[in-house]
Amino acid sequence: MAHYATERFTEGKRMPKITILTITTHTAYRDIQAEALKLQTFQDFEWIVVDDFVEKHNTALRQAVNNAFKLIHIPPRRIVPYYAACMATNTGLVHASGELLYFMSDYIVPQKNCLEQHWKTYQKYPNHFVSGLVFARPGGKDGGIIDLEDIKDTRDERKSELFEKHAYKK
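Using numbering that gives the first Met the number 0, you'd call the opening residue of the sequence shown number 0 and step up by one each time.
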């Protein structure tokens, strides 16, 4: 019998550990993002792309992904003539099935160990969230936000520096 934390199922299908959510209206980094996701050292994910121009971009995005992982390419709930990031994000969240949500802006190209590092951090520090260069925990000092000035090293290894030597030392 599968343990809930390692095997999640819905309607007989296994759910991914991570949902990547991207909202977009353009294709500038689409192909390189797809390639970067194919090369991830952690492959238990789905990619949700909420795109105002889904009909125009769908074929090319599906070709770029080439069935290497689960892709959900959808339009926002309603397309409006102004910037509506929250509507697009909320549309994507409705379709997310991963245990961990990774927001990947349409101009971000993740390093090959990006998802692996996020999953490891999530496993090691439950009830925290990670967002770019700022780490936060609800109820922490000053609302849990660590000032960017406090980050001495902005490489990927910064997580252990922050969690083990600064704000989250237990």
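All C-beta atoms, glycine included, are put in the ideal place defined by N, C-alpha and C.
Residue i versus residue j - alpha carbon distance
{"i": "S96", "j": "H117", "result": "17 Å"}
{"i": "K16", "j": "K111", "result": "17 Å"}
{"i": "H127", "j": "T18", "result": "17 Å"}
{"i": "C85", "j": "E54", "result": "21 Å"}
{"i": "P74", "j": "Q39", "result": "26 Å"}
{"i": "K12", "j": "Q122", "result": "23 Å"}
{"i": "F41", "j": "Y81", "result": "36 Å"}
{"i": "R29", "j": "K69", "result": "15 Å"}
{"i": "H56", "j": "Y124", "result": "37 Å"}
{"i": "T120", "j": "T21", "result": "21 Å"}
CA nearest to the CA of residue i, picked from the options
{"i": "A33", "options": "T40, Y101, P75 and P109", "result": "P109"}
{"i": "A67", "options": "C113, V79 and E45", "result": "E45"}
{"i": "I71", "options": "N65, N89, H94 and Q62", "result": "H94"}
Beta-carbon gap between residue i and residue j smaller than 8 Å
{"i": "I31", "j": "G91", "result": "no"}
{"i": "A87", "j": "V49", "result": "yes"}
{"i": "T23", "j": "A59", "result": "no"}
{"i": "L114", "j": "Y101", "result": "yes"}
{"i": "D51", "j": "I78", "result": "yes"}
Residue ranges of each alpha helix (DSSP H) run of no fewer than 4 residues wholly in the region 10 to 85, ordered along the chain? 29 to 37 and 53 to 64
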